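What follows is a set of notes on a single structure, which appears directly below.
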Amino acid sequence: MSASQSASWPSGTPPWWTTAVVYQVYPRSFADSDGDGIGDLRGLLDRLDHLDDLGVDVVWLSPVYPSPQADNGYDISDYTDVDPVFGTLADLDELIEALHTRGMKLVMDLVVNHTSDQHDWFAASRSSREDPKRGWYVWRPPRPGTVGGTPGAEPNNWGSFFSGPAWTWDEATGEYYLHLFSDRQPDLDWDNPDVRAAVHEMMRWWLDRGVDGFRMDVINMISKDPALPDGDLRDGGPLGDGSPYFLCGPRIHEHLQEVHCEVVAGRTGLLTVGEMPGVSVDEAVLFTDPARAELDMVFQFEHVGVDHGATKWDVLPLDLRELKASLGRWQEGLEKTGWNSLYWNNHDQPRVVSRFGDNGAFRVRSATMLATVLHLHRGTPFVYQGEELGMTNAPFASIDDFRDIESVNHYAEAVAAGGDPERVLAAMRRVSRDNARTPVQWDAGPQAGFTTGTPWLPVNPNCREINAAAQRDDPDSVFAHYRRLIALRHELPVVAHGDFTMLLPESPDVYAFRRRLDDVELLVLGSFSGGRVSVELPDASQWAASEVLLSNLPGGVPEGRGLVLEPWEARVLSRAVGER
Ligand code: NOJ
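Quick note: the sequence shown uses the numbering used here, first residue -11, plus one each step.
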């Protein structure tokens, strides 16, 4: 039986987003309309043809809400407005309408594990211990027997994701507040029903305005173990790993079911995707089982951790077998119940062509191979701005070129701990989030057509060769290849709904799998090698007369080639098989 036949959709038919492709816009770096060097909503409005031509169905917009921008908008000070740096609410209304007119949907980023420390809720909460909003955040006294504000007096030993302890001392009210990210991003207390009600109301407000769903930031962190126990010490340092006590915590499913019931239920055409670091396949099945009414899909992190050592800054070479084992496990785990999201890139990940491909001589070939492999999996693909152009990591010269709070804090901490500055920088060049955040390269002109001013983060100098204008009408471009992949998903039910079988799991340089739906079978091959490779499949002869559905070789696969792949080649073959 094929996966689509076995999957249990309550209505009997798969939801619309099973055939959709989502495009992520990181507005700061997308397109600047007013010359201040920061992208904005009018810049996005001016570039909608690009998305339309690509053929995507949904735009996920990273945060545009009012924010002090400590974490580029993931620190929100007002949930129901637009930051002037990005435009106005009227611009956002225009964007909703313009996208809908073109048949696209808009998914907003929902950042409700924490707010900005400048949010009115936090201002009230920190104003006094008696304030009605005190309990909206996680406040705790110093560890017993210690003096607040001194090292080690934090209520527990958790480290934050952005270096240093996860607690900040508030002298005025004599307690600590919890922040899993920076001290300017205090965590909301989701055990407080007033917090939940305020979030539900805000979400309904956006849906009533016309948005089509939410990408929920670190949503598996909202339920903490109320005891807030110490975590195991992180490699020898004083800080502990609190993740067992805040990832997928005790009330997470209850909270998400409540969100569904209070906000989503009764509305149609929406998409909800939860960002979930550390989520396991088994948990993801629970989160995305339609019968449980929690989320449509989650972003898992396993496959983007395969090249991490003890931390993300310890970069390991890619072992393709591990990547396949991971993605294969997720395909299998969510085959019957739930649904996968598929991604290589977003605003937090280095550029995939620099990470798993070859961003030199085979940049176009490897970018299109990586795209093919990902988009032919079962799940909903997410394209991150610039990925469709094969944009690469950036050549950061020194620490002064970095802007990202995570990177800047890491450098300070690592160097203060005695790390060699050059080695620390070398790792940052490979994995810093700023790699994803350099401006979109629209053309070969000044500042790549991103801005008429000075960009907030330097444009990658390779914009002279890599840019949208050069690719739009080139049938062999990365852009053209993404367009073909997106069209395939729309046109061929086997791409969206066919079952998935991983092949050659032990091959160190070939990614191979089968998809099957009814009487159609696809063979997807991707080479992760800079040399020629032969694909040793037991049923190779059965593919001899198959149709080449897609190739990333200019001119296509030469006649009679057999299952031998050129460097970084991707090939999708199709054949008719007997009905099962
Ligand atoms: C995940 C977001 O993707 C990332 O950019 C942000 O820094 C953290 N959550 C905190 O909101």
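Glycine included, C-beta positions come from ideal geometry on N, C-alpha and C. Small disclaimer: the values here were computed from a predicted structure and weren't measured.
Using a Cβ-Cβ cut-off of 8 Å (strictly less than) and excluding sequence neighbours within five positions of residue i, which residues of its own chain qualify?
i    : result
D336 : R421, A424
V552 : R520, V521, S522, V523
S534 : L511, L561, S562, R563
D577 : Outside the displayed range of the chain (-11 to 568) lies residue 577, so it cannot be described from this structure.
Which residues in the same chain have their Cβ closer than 6 Å to the Cβ of residue i, if we skip the five residues on either side of it in sequence?
i      : result
S465   : Q459
Q(-7)  : Bear in mind that a pLDDT of 47 at Q(-7), under 50, signals an unreliable position, so the model cannot answer this.
F372   : Per the sequence presented here, residue 372 reads as Tyr, with Phe not at that position. These residues qualify, in order along the chain: Q12, N333, N334.
H107   : S65
R172   : A58, D63, D105
G61    : P51, S55
W556   : F350, R353, S354, M357, S515
W157   : G136, G137, Y164
M(-11) : Residue placement at M(-11) is flagged as unreliable, the pLDDT there being 35, under the threshold of 50; a coordinate-derived value is accordingly withheld.
A(-9)  : For A(-9), the predicted structure reports a pLDDT of 42, less than 50, and the residue's modelled location is therefore unreliable. The matter cannot be settled from this model.
W48    : V10, Q12, V95, R203
By alpha-carbon positions, which one of the options ends up nearest to residue i?
i    : options                : result
C451 : I207, D461, G437, H38  : G437
S104 : M204, Y53, N145, A141  : Y53
R447 : D81, A385, R366, R172  : Correcting the residue type first, residue 447 is Val in the shown sequence and not Arg. It is A385 whose Cα lies nearest to the Cα of V447.
R192 : D179, G254, D218       : G254
H167 : D177, Y67, A160        : D177
C236 : I207, L221, W318, P214 : I207
E376 : D284, F74, D40, L306   : D40
W109 : D270, W48, A500, A186  : A186
G518 : P526, V498, L505, W531 : V498
E263 : D284, V482, H38, W4    : D284
P129 : K121, G152, E159, P120 : E159
R16  : L445, G152, K324       : L445
G433 : G566, T426, V419, P449 : P449
V428 : A457, A414, V419, E535 : A457
Q319 : D182, T68, M490, P(-2) : M490
V269 : A313, R309, G297, A298 : A313
W155 : D218, R117, A111       : D218
G224 : P174, A298, M209       : A298
D45  : D69, F18, V9           : V9
G316 : A405, A500, F390       : A500
I393 : T426, F169, Y14        : F169
Y632 : L29, P2, W4, D81       : A question about residue 632 goes unanswered here, because the residues of the chain that appear run from -11 up to 568.
Starting from residue i, trace the alpha helix (DSSP H) both ways and give me its first and last residue.
i    : result
S342 : 340 to 343
D571 : In the structure as shown, the chain begins at -11 and stops at 568. Residue 571 is therefore absent and cannot be evaluated.
R472 : 466 to 479
W4   : Careful: W4 lies outside any alpha helix (DSSP H) and carries neither H nor E.
A564 : Careful: A564 lies outside any alpha helix (DSSP H), inside the beta strand (DSSP E) at 558 to 564.
K312 : 308 to 321
V572 : The structure shown does not extend to residue 572, since the chain is modelled only from -11 to 568, so the question has no answer here.
T76  : Per DSSP, T76 belongs to no alpha helix (DSSP H) and is neither H nor E.
How is the beta strand (DSSP E) around residue i delimited, first residue to last?
i    : result
E509 : 508 to 515
L166 : 163 to 166
P377 : The residue asked about is misnamed: residue 377 is Leu in this sequence, not Pro. Run containing L377: none; DSSP gives neither H nor E here.
L537 : 535 to 539
P369 : 368 to 372
W48  : 46 to 49
L98  : 93 to 98
Below 9 Å between beta carbons: does that hold for residue i and residue j?
i    : j    : result
S354 : G367 : no
L538 : A558 : yes
V261 : S329 : yes
D34  : I26  : no
I597 : G43  : Examination of residue 597 is not possible in this model, given that the chain is present from -11 through 568 alone.
D205 : V100 : yes
Y233 : L216 : yes
N455 : F150 : no
H485 : T6   : yes
G441 : G140 : no
A402 : L322 : no
F275 : G326 : yes
M379 : V341 : yes
R411 : N381 : no
A359 : H469 : yes
L480 : V508 : yes
A86  : L36  : yes
Looking only at its own chain, which residues have a Cβ that is under 7 Å from the Cβ of residue i, when we skip the five neighbours before and after it?
i    : result
L258 : D200, G201, V252
D119 : A112, S113
G31  : F18, A19, D20, S21
How about residue i: is its C-beta nearer than 9 Å to some C-beta of chain E?
i    : result
Y499 : Looking for chain E here will not work: only one protein chain is present.
The stretch 237 to 253 touching the stretch 290 to 305, judged by at least three CB pairs closer than 8 Å: no
contact_flag[the stretch 93 to 102, the stretch 199 to 207] where n(CB pairs < 8 Å) is 3 or more: yes
The stretch 225 to 232 contacting the stretch 141 to 152, beta-carbon criterion three pairs below 8 Å: yes
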